[in-house]
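Only one structure is covered here, and it is reproduced in the block below.
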Amino acid sequence: METVKYVAEKISTLEVKGARNATIAAIHALQMLAKQTTAENKHSLLNELTQAQQLLFNTRETEPLMRNAICYLIKQIQKSSDKKISELCTLLVTKADKFLNDLDISRELTAEIGATKIKNNMTIFTHCNSSTVTQMLIKAKQADKNFKVICTETRPAFQGRNTASELIKHNIETTIIVDSASQVFIPKTDFIVVGADAITPNGDIVNKIGTNGLAVLAHEAQKPFYVVSELLKFDPTTFYSELEGVEQRSPAEVWQDAPNGINVRNPAFDVTPHKYIHNLICEKGIIQPQDVNKIVQQYYPWLFQ
Numbered sequence: 015m016e017t018v019k020y021v022a023e024k025i026s027t028l029e030v031k032g033a034r035n036a037t038i039a040a041i042h043a044l045q046m047l048a049k050q051t052t053a054e055n056k057h058s059l060l061n062e063l064t065q066a067q068q069l070l071f072n073t074r075e076t077e078p079l080m081r082n083a084i085c086y087l088i089k090q091i092q093k094s095s096d097k098k099i100s101e102l103c104t105l106l107v108t109k110a111d112k113f114l115n116d117l118d119i120s121r122e123l124t125a126e127i128g129a130t131k132i133k134n135n136m137t138i139f140t141h142c143n144s145s146t147v148t149q150m151l152i153k154a155k156q157a158d159k160n161f162k163v164i165c166t167e168t169r170p171a172f173q174g175r176n177t178a179s180e181l182i183k184h185n186i187e188t189t190i191i192v193d194s195a196s197q198v199f200i201p202k203t204d205f206i207v208v209g210a211d212a213i214t215p216n217g218d219i220v221n222k223i224g225t226n227g228l229a230v231l232a233h234e235a236q237k238p239f240y241v242v243s244e245l246l247k248f249d250p251t252t253f254y255s256e257l258e259g260v261e262q263r264s265p266a267e268v269w270q271d272a273p274n275g276i277n278v279r280n281p282a283f284d285v286t287p288h289k290y291i292h293n294l295i296c297e298k299g300i301i302q303p304q305d306v307n308k309i310v311q312q313y314y315p316w317l318f319q
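First residue of the sequence shown: 15, per my numbering; consecutive thereafter.
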């Protein structure tokens, strides 16, 4: 459990950034728990896993991918007919490896599908730091497509700098701008593409703060606004996006030495309504956001159990 606590702290303090990285770290923590457990029976093991689940769930309010992964692994133990601890722990480690592998495959498929939208001489606009979006852009470059990328700094944690740094390593021409300059540059781009931290059943998405404003700007400029995300970021716990928890981060991220008496608010995410989303690009293809609930039920029915 000490490993779980350590990883939970890393996720909570943003030393581990991004929904995907948080999920991978959480899965590895559960694997370590399984290897180090002192549980003597299945009931005790499930109690340990439930404690770990709560610790990890409490790190970030808006992390359905991590929640889905943890719930999936615990369900594998619950429904197993094995009684020996060694067999159950081996099962958890094996299932976790498979989940991670499937997650890699889904990102690669999503990125490959998304890369088909990029044509020569295009200018693409992105926000924050999505590993799937970055992979999509890299795949387009590897296909010898010539294009440019504009990315926001993404305040207050400046994740956009990570995006820019990754892209220039692959010789992708990249321009970084302050967030408030987006309205100047969006009309000059061919389309906007962002990732997602959560997808709701009605097709809205939760993503880094500022995403909704970009979607509105794209709508006004008549530019397509794409969301690139694996379907495992689907959140089955809420149908209405306003019920999706939005994490409030530390005011110190915005102003570390703020004068006494000033209120500082730092919401980490916002909700983009599906009416502003041109298409959702995922491992199952390019879909209408309104169809996401039906498609997730078809391919990932266990999310609803």
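Note that beta-carbon positions come from the ideal geometry of N, C-alpha and C, so glycine has one too.
Assigned exposure category for residue i - 16 Cβ within 10 Å defines buried
i	result
ILE164	buried
PHE318	exposed
PRO315	exposed
PRO201	exposed
GLY275	exposed
THR188	buried
THR124	buried
GLU54	exposed
ASN221	buried
VAL18	buried
ASP271	exposed
ASP111	exposed
VAL306	buried
SER58	exposed
Segment limits, alpha helix (DSSP H) that includes residue i
i	result
ASP118	99-129
MET80	78-92
ILE25	16-26
LYS183	173-183
LEU44	33-50
GLN311	306-313
ALA53	ALA53 -> no alpha helix (DSSP H), and no H or E assigned at all.
In DSSP terms, what residue i is bridged to
i	result
GLY217	None; GLY217 has no bridge partner.
CYS296	GLY299
VAL230	VAL230 is not bridged to any residue.
TYR240	VAL207, ASN293
ALA212	VAL220
PRO281	GLN262
PHE199	None, per the DSSP bridge assignment.
PHE248	ILE213
Minimum C-alpha distance to residue i - residue among the options
i	options	result
LYS24	LEU69, GLN50, LEU63	LEU69
PRO287	PHE205, GLU261, ALA229	ALA229
VAL260	ASN72, GLN50, PHE113, GLN270	ASN72
MET46	ALA22, GLU29, LYS31, MET15	MET15
LYS247	ARG81, ASN55, LYS183, GLN50	ARG81
LEU117	VAL306, LYS237, ASN35, GLY217	ASN35
ILE152	LEU106, LEU123, HIS184, LEU231	HIS184
PHE139	LEU44, PHE113, THR203, ALA272	THR203
THR51	GLU75, LEU102, VAL21	LEU102
ILE41	GLY209, VAL21, ILE190, ILE219	VAL21
VAL30	TRP269, GLU77, LYS56	GLU77
TYR290	GLY174, GLY32, PRO265, ASN226	ASN226
GLY174	ALA129, CYS85, CYS142	CYS142
ILE186	LYS56, ASP158, TYR86	ASP158
ILE127	ASN115, MET136, THR146, THR177	THR146
HIS292	SER58, ILE91, ILE206	ILE206
MET136	LEU28, SER95, ALA154	ALA154
ILE91	LYS109, GLU75, ARG74	LYS109
ILE191	VAL208, GLU62, PHE172, GLU180	PHE172
VAL198	THR177, THR166, VAL268, CYS296	THR166
TYR240	PHE161, THR252, ILE132, ILE182	ILE132
Limits of the beta strand (DSSP E) - the one that residue i falls within
i	result
PHE161	161-166
TYR290	Note, TYR290: premise wrong, no beta strand (DSSP E); not H, not E.
ILE138	136-140
THR189	187-191
Cβ-Cβ separation, residue j to residue i (assumed contact under 8 Å), whole Å
i	j	result
LEU245	LYS298	7 Å
LEU106	ALA48	4 Å
ASP218	VAL285	6 Å
GLY209	SER179	Their Cβ separation, rounded to whole angstroms, is 17 Å, which puts GLY209 and SER179 out of contact at 8 Å.
PRO250	PRO215	7 Å
Min CB distance residue i to chain C below 8 Å
i	result
VAL18	No chain C appears in this structure, which consists of one protein chain only.
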